[in-house]
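Undergrad: Encoded as structure tokens, here's the structure I'll be asking about.
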Amino acid sequence: MTQEQLAEKMGVTNKSISRWENGKTMPDISMLGILSNELNCTIPELLNGKKMTQEELIDLRETINNLIEYESNQQIKKDKKFNKYNMIGCIALVLALLDTEFQFLDYIFTPNAGEFVQGLLYGICILANIISLYNRSHNISICEKKKELIK
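The sequence shown begins at 394 in the working numbering and counts up one residue at a time.
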């Protein structure tokens, strides 16, 4: 089977297949089952690059299940972080919009301070949503990126 034929069956480009073969990148974990079916091998054989005995496959089953569980947990953590920042942004936006309509911040603060707080709420809304979108679209959070740069 050529790279083009496999790429067509997998729904990826032939360049992706080439990068997988050369070890430059790995296929997404969700594609391993499809790839192993297309290549008529098991996932452990695919990952190890060789045919394996039944005993070796049984030994690796638990490891693979642990890897899949770990990947799922990582995605859940990432989603929680996204939801947290998104919720903060939404709450700040709702408070700022409610203040536009009802001017309740003027009762809590002096009029100039109320306008400042309203602007601050809009700023928090924008910042929290930018952070949530960054965390959602990158594999590393802003805090993790900062720690990496400090090293």
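Quick reminder that beta carbons are idealized off the backbone N, C-alpha and C, glycines included.
Excluding sequence positions up to five away, which residues of its chain have a Cβ less than 7 Å from the Cβ of residue 438?
TA: Within the sequence shown, residue 438 is the residue found at index 45, counting from 1. These residues qualify, in order along the chain: 444, 445.
Undergrad: For residue 428, does the three-state DSSP call read helix, strand or coil?
TA: Taking the sequence shown and counting its residues from 1, one reaches residue 428 at position 35. If DSSP states are grouped into helix, strand and coil, residue 428 belongs with the helices.
Undergrad: Apart from the five residues just before and just after residue 511, which ones in its own chain have a Cβ nearer than 8 Å to its Cβ?
TA: Here residue 511 refers to the residue found at position 118 when the sequence shown is read from its first residue. A distance below 8 Å between beta-carbons, with the five flanking residues on each side excluded, links residue 511 to the following residues of its chain, in chain order: 489, 492, 493, 498.
Undergrad: Excluding five sequence neighbours on each side, which residues of the same chain lie with their C-beta closer than 7 Å to the C-beta of residue 407?
TA: On the sequence shown, position 14 is the one that residue 407 refers to. Taken in chain order, the residues that qualify are 396, 397, 400.
Undergrad: Identify, in the order they occur along the chain, each residue of the same chain with its Cβ nearer than 8 Å to the Cβ of residue 483, setting aside the five sequence neighbours on each side.
TA: What you label residue 483 is simply residue 90 of the sequence shown in a count that begins at 1. So the list reads 518, once near-sequence residues are dropped.
Undergrad: In chain order, what residues of the same chain have a beta carbon less than 8 Å from the beta carbon of residue 449, not counting five sequence neighbours either side?
TA: Within the sequence shown, residue 449 is the residue found at index 56, counting from 1. Within the same chain, residue 449 has close Cβ partners 437.
Undergrad: Mind pulling the alpha helix (DSSP H) runs of 4 or more residues that sit fully within the segment 450 to 531?
TA: 498 to 501, 504 to 530
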